[in-house]
Each structure stands twice: as C-alpha cells, then as structure tokens.
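Numbering (the working numbering), first residue to last: 9 to 315.
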C-alpha cells in the first residue's frame, strides 16, 4: 500500500484523485461502485502491478477524495464515462483494459461501445451487460433499496441519523448478504442492520478506518444521485470477462441469473468469458482477492498476447 502513488488531476471541471502503481505500456483502469472508492481495488492494484501492468484507480467524481460535479443538477452517469476517457487522454494512454465493479462496470461497457479503439478488454465484477429498461425492477416491493434511494431526500434523511463510518459499515453488511436489501414498510434501509452485527470478516479495522476517511471527505450526497444513461447501439465488441459470485444478491434481481446462464447475454457481447465463484458475494474482489486476481491476470495476459 505504501508504494501506491497518489495524485490529483484536473479534468472536465473537477479535481479527481487517482491512485497509481506499476509502469509499462499495458494499462488497467479500475472503476469502483458504491459504497466504494479507489481503496476497494487495493488487492488488485498490487497484484496486477506485480504482474507487469500499470494500474490506475480513480475516485469517481463525488466519491472519496475527488471533487463532486460543480453543478449537481446537471450531473449524469455519462460523466463517469467521459471522465474515464479524459483520464486516459490526460495520462496520454491510447488504450487500456477497464475493470469495473457494480455500476462501475457500466462506464467500462459504454466507453467500449462509444470508443472501442480505446479499450483492450473489460473485466466486470458482478454485472453482466444488459440493455437498460425502465420497468426492469417492476414487481419488487416498495422497500426495495433502489426505489427508496430514488425518493428525493429519503436516503439523506436515513443516513443522516448516523455517522459516516456507521452508514458505510451497515451498507457493506447489507450488500454482503445473498438477499436483495428490501426494507419493511415502516423501516428504513439503515434499520435493516442490527447495530451489534459485525462487519464482514475479510474487512480489517484498517480497512474500515480508510473507508471512513474517504467518505467523510465526500459524504453520501453525490453517490446517492442514482446514475442514468442512454444506449443507441447496445453491443459490446471488445473481449469481456464476467466474474460472478454465487452469493451475490444481484443474481436475485428479476431475470438476471437466467439472463446469464441461458446465454442471452451473449446476444449483446461478442466475446464473453464467465467465471462463477460459488461462495463469492457482492464484494468479491475484497472478499476473495486471490481468486479474483488469478482470473483477471489470466484474462489480461491472454488478451495482451492477442494484440
């Protein structure tokens, strides 16, 4: 961890924090999800740098040590796509592998669709590519966490009852479960976690402290602005490695597991490899880093040799 270099770069009206390790022409950019930051890639940064890759892990705008959008009312999911491209341009990188987690996989997918010559390949943790549909979650109850977090000011009121470390820890506990977080009618999302519940065993006291520092800087306002995006040509043509944890609650979203296992996902991804890890959860890259790193390095090495 001490070898990781930290810098700030000014792009598209914001100052972004970037963690970097390794050198050479083979480049990997990590794109985190929620409630994460660059730190969630700490195990992968070290492993891929040791394997000969230049690794770059930014805090997305509004997360961790990066500045939020200067005009929050104009922020959109497309900012993450354009920021990733701008980071490559700023660092004078022509082409890179993109590794995404949770909604962080979407900037990777979309960037490959919009600028396929800039992307060598994609590794997605937990999120297959699919065509967004407005009614995808129809049928889930009112207490479904995404429905709750889309309600104006509800998440802020829920989170505001606790300190940042408690909020972050409770979200990690919830999302480590194999069940979709759905609150009872008269209960908020944060109340679903018993205050005495310990954090996942693979998170250390140091990890908790580091995440708390990052989210004390950024807060939860920007992260809770639910991203959106539009697709005109829903086809991913670069090679993709999808790593799915068998205990990831996302598999229980309507239709997702069938979409993957029946091969329907292949309609939208030309070159797809899937790795299932039976005991993996939603935070698989932190929970089981050795397995995940082995899959990623093998995929990147294979695709690098194709160039």
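All C-beta atoms, glycine included, are put in the ideal place defined by N, C-alpha and C. Computed from a predicted structure; not experimentally measured.
Buried/exposed call for residue i, threshold 16 Cβ in 10 Å
{"i": "residue 87", "result": "buried"}
{"i": "residue 82", "result": "exposed"}
{"i": "residue 63", "result": "buried"}
{"i": "residue 314", "result": "exposed"}
{"i": "residue 43", "result": "buried"}
{"i": "residue 120", "result": "buried"}
{"i": "residue 66", "result": "buried"}
{"i": "residue 139", "result": "exposed"}
{"i": "residue 270", "result": "exposed"}
{"i": "residue 11", "result": "exposed"}
{"i": "residue 293", "result": "buried"}
Assigned secondary structure, residue i (DSSP; H/G/I helix, E/B strand, else coil)
{"i": "residue 106", "result": "strand"}
{"i": "residue 45", "result": "coil"}
{"i": "residue 69", "result": "coil"}
{"i": "residue 219", "result": "helix"}
{"i": "residue 275", "result": "helix"}
{"i": "residue 198", "result": "helix"}
{"i": "residue 303", "result": "helix"}
{"i": "residue 311", "result": "helix"}
Best match in the options for proximity to residue i [C-alpha to C-alpha]
{"i": "residue 225", "options": "20, 53, 172", "result": "172"}
{"i": "residue 151", "options": "140, 200, 73", "result": "200"}
{"i": "residue 4", "options": "46, 295, 262", "result": "Lying outside 9 to 315, the shown extent of the chain, residue 4 is not represented and no answer is given."}
{"i": "residue 229", "options": "164, 14, 101", "result": "164"}
{"i": "residue 242", "options": "196, 124, 118, 296", "result": "118"}
{"i": "residue 206", "options": "157, 30, 180", "result": "180"}
{"i": "residue 89", "options": "72, 198, 113", "result": "113"}
{"i": "residue 157", "options": "30, 231, 301, 56", "result": "231"}
Residue interval of the beta strand (DSSP E) (run including residue i)
{"i": "residue 281", "result": "280 to 285"}
{"i": "residue 13", "result": "13 to 19"}
State whether the segment 183 to 200 contacts the segment 241 to 258, with contact taken as three or more CB pairs (one from each stretch) at a distance under 8 Å. yes
Would you call the segment 87 to 103 in contact with the segment 12 to 29, where contact means no fewer than 3 C-beta pairs closer than 8 Å? yes
Should the segment 296 to 311 be called in touch with the segment 45 to 56, which here means at least 3 C-beta pairs below 8 Å? yes
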